[in-house]
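Notes to accompany the following structure.
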Amino acid sequence: MGWFMKALSTSIGKKLLVGLTGMFLCIFLVVHLYINLHLFKADGGETFTAMAEFMANTWAVKVMEIGLFLGILLHIIYGILVTFQNWSAKPVGYTTSPKPGTSKFESRNMIWLGLIVLVFLVIHLQGIYFQVKFGTPKPDIYHLTLSVMKDPTWAVIYIIAMYALAIHLKHGFQSAFQTFGLNTPKYKGLVDLVAYVFWIGIPLAFASIPVYFAFLGGK
Amino acid sequence: MMNITLKVWRQKSCNSQGAFATYGVEGVSPDMSFLEMLDMLNERLIKKGEEPIAFDHDCREGICGTCSMVINGRPHGPIKGVTTCQLHMRSFSDGDTIVIEPFRAKAFPVIKDLVVDRSSFERIMVAGGYVSVRTGNAQDANALPIGKHEADEAFNAAACIGCGACVASCKNSSAMLFVGAKVSQYALLPQGQPERKQRVLNMVAAMDFEGFGNCSNTGACEATCPKGIDLPHIARLNREYIAATLS
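Read top to bottom, the protein sequences are chains A and B.
Residue numbering for the first sequence follows the working numbering, beginning at 9 and increasing consecutively.
Residue numbering for the second sequence follows the working numbering, beginning at 1362 and increasing consecutively.
This is the structure we're talking about:
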């Protein structure tokens, strides 16, 4: 294991861990979105509740849940480590900045965008996940989720968080493939296309749910 | 003839505090190179009994990688694919104010004025920038067939002159474009195979030890590299590192 830990302590190793955990979290986003989209189904929450119960009561999902929290933790810790190392490598900046700039907004602000997503995650867990998991009496997940989505204040918080997530993914998704060494001329077109669909599509689909229920009169 | 105002970073030594000094440079020919303009200013400063501006330069042909400095926020100045020594004053306009700063990075400490210590690059090269060659006569070059694509890619990587503009432009002072070019150059050629795995591990370890930052895949290095070294070399460095670690 010595070689493994040594590899993870290098600059490329740290970036790889951030990228791998990021990709794992992206897979989770797809699964989460798939379930959430069933809120649109006019069946009184039957399918949504069944899916939520499956997620809550299947042992394989419970194991994945531990992996998910571990993934989030590693993504945050290594993301912070990389950022602090980057800041210390450039102790003095330049007086003038070239026009147009040579770095994009999202690549400069990954840590802050990630922080917005983290704050949202804590609020989100407190508002829904912990209520369903540990609340007494346990609330009905469908009606609890729907009440959150129908609240305009919550809806605005969701939309802001999804915007931050989108910009975070805009850089993070394609950047991870570069770190994996796959962003070569052969695959760049495919990576860029998937990244484009992902960073716009996933947050937009998530945000469409509170917009529909809070502002467009969704029942 | 042009009249230019320069705001130049002046710093007596690595441990002293630096500050910008403003100089008016009159009678600048548009055909002068940027360094010739600085030479002219330095001659005037010496005649006035002032300390000339220290800056690195050597070949003045764009091939040695010695000239550095950040001009108006961009390493090597505003023209893409050009080193400072090949930059001409016709790229500026009469009455312009030009800000000149040294390359900024923890791993490139300022020695004096615009001169920075780039020996960290040398130490990365010592860690892996070599090939093993048996003693005796050189074999026939045709005995080592190399594909056209590989040869071209290796040549593109070998165009890196190690000037450090990639580090200077990177917001994280990452040296990964430089290391990526060097690792690529050898990994693509048969001569580089014996040390292939150890090279990438050693060079990355040396890069980290020197205090360079991590690559954020922003591309500022690619945009400012005077020799057109591109990001796929960093992707290859990452592949080489993963393969060397896992095998």
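Ideal Cβ placement from N, Cα and C applies to all residues, glycine included.
Need the endpoints of the alpha helix (DSSP H) that residue i sits in, please.
i: F1570/B; result: 1557-1570
i: V1528/B; result: 1526-1530
i: T1579/B; result: Per DSSP, T1579/B belongs to no alpha helix (DSSP H) and is neither H nor E.
i: T161/A; result: 160-187
i: M1398/B; result: 1395-1408
i: D200/A; result: 196-218
i: R1600/B; result: 1593-1607
i: Q1546/B; result: 1537-1548
i: G75/A; result: 67-97
i: A1515/B; result: 1509-1519
i: S115/A; result: 113-116
i: G10/A; result: 10-16
i: Q139/A; result: 138-142
Which residues in the same chain have their Cβ closer than 8 Å to the Cβ of residue i, if we skip the five residues on either side of it in sequence?
i: V1389/B; result: M1362, M1363, N1364, I1365, M1398, M1401, M1450
i: V38/A; result: I210
i: K1543/B; result: I1485, M1486, G1489, G1490, A1518, C1521, M1564
i: L76/A; result: F32, L33, F36
i: L1505/B; result: P1551, Q1552
i: F62/A; result: V69
i: A1566/B; result: A1488
i: T91/A; result: M118, I119
i: I131/A; result: I165
Based on the DSSP secondary-structure assignment, which residues constitute the bridge partners of residue i?
i: K1368/B; result: T1383/B, V1460/B
i: V1477/B; result: V1471/B
i: H40/A; result: In DSSP, H40/A forms no bridge with anything.
i: V1389/B; result: M1363/B
i: H1609/B; result: Any property of residue 1609/B remains undetermined from this structure, which presents chain B solely from 1362 to 1608.
i: G1438/B; result: In DSSP, G1438/B forms no bridge with anything.
i: G1574/B; result: S1535/B
Listing by chain order, which chain C residues have their CB less than 9 Å from the CB of residue i?
i: Y86/A; result: Among the protein chains of the structure shown, namely A and B, there is no chain C.
Taking residue i as part of the beta strand (DSSP E), name the residues at either end of that continuous run.
i: V1471/B; result: 1471-1473
Who are the Cβ neighbours of residue i in its own chain at under 6 Å, not counting the five residues just before and after it?
i: I175/A; result: E114, L121
i: V1492/B; result: Q1552, G1553
i: L133/A; result: none
i: F221/A; result: M157, K158
i: E1462/B; result: W1370, V1431
i: I43/A; result: M59
i: I1472/B; result: C1375, D1478
i: P1413/B; result: N1403, L1406, I1407
i: A184/A; result: G27, G30, M31
With a Cβ-Cβ cutoff of 8 Å, do residue i and residue j count as a contact?
i: S1429/B; j: C1527/B; result: no
i: Q186/A; j: L1592/B; result: yes
i: L25/A; j: L82/A; result: yes
i: S1454/B; j: F1469/B; result: no
i: M17/A; j: A1581/B; result: Strictly speaking, residue 17/A in this sequence is Ser, with Met absent from that position. No, the Cβ-Cβ distance between S17/A and A1581/B is not below 8 Å.
i: I136/A; j: L152/A; result: yes
i: H1437/B; j: P1587/B; result: yes
i: M118/A; j: G21/A; result: no
i: A64/A; j: V125/A; result: no
i: N94/A; j: N1575/B; result: yes
i: S1534/B; j: K1467/B; result: yes
i: D1474/B; j: Q1378/B; result: no
i: V1477/B; j: F1464/B; result: yes
i: G143/A; j: R1600/B; result: no
i: S1394/B; j: C1446/B; result: yes
i: F1573/B; j: A97/A; result: yes
i: R1435/B; j: L1396/B; result: no
i: L41/A; j: A213/A; result: yes
i: V1460/B; j: T104/A; result: yes
i: P147/A; j: Q139/A; result: yes
i: L1549/B; j: E1571/B; result: no
Helix, strand or coil: how does DSSP classify residue i here?
i: I1432/B; result: strand
i: V26/A; result: helix
i: H46/A; result: helix
i: M59/A; result: helix
i: G1523/B; result: coil
i: G1423/B; result: coil
i: G21/A; result: helix
i: N191/A; result: coil
i: E1483/B; result: helix
i: A1504/B; result: helix
CB-CB under 7 Å to residue i, same chain, minus the five flanking residues each way: which ones, in chain order?
i: R1560/B; result: G1489, V1544, Y1547
i: T57/A; result: I149, Y150
i: P218/A; result: M157, W162, A163, Y166, I167
i: C1425/B; result: D1419, I1522
i: I1595/B; result: M1537, L1538, G1541, C1576
i: K1558/B; result: A1605, S1608
i: K178/A; result: E114, W207
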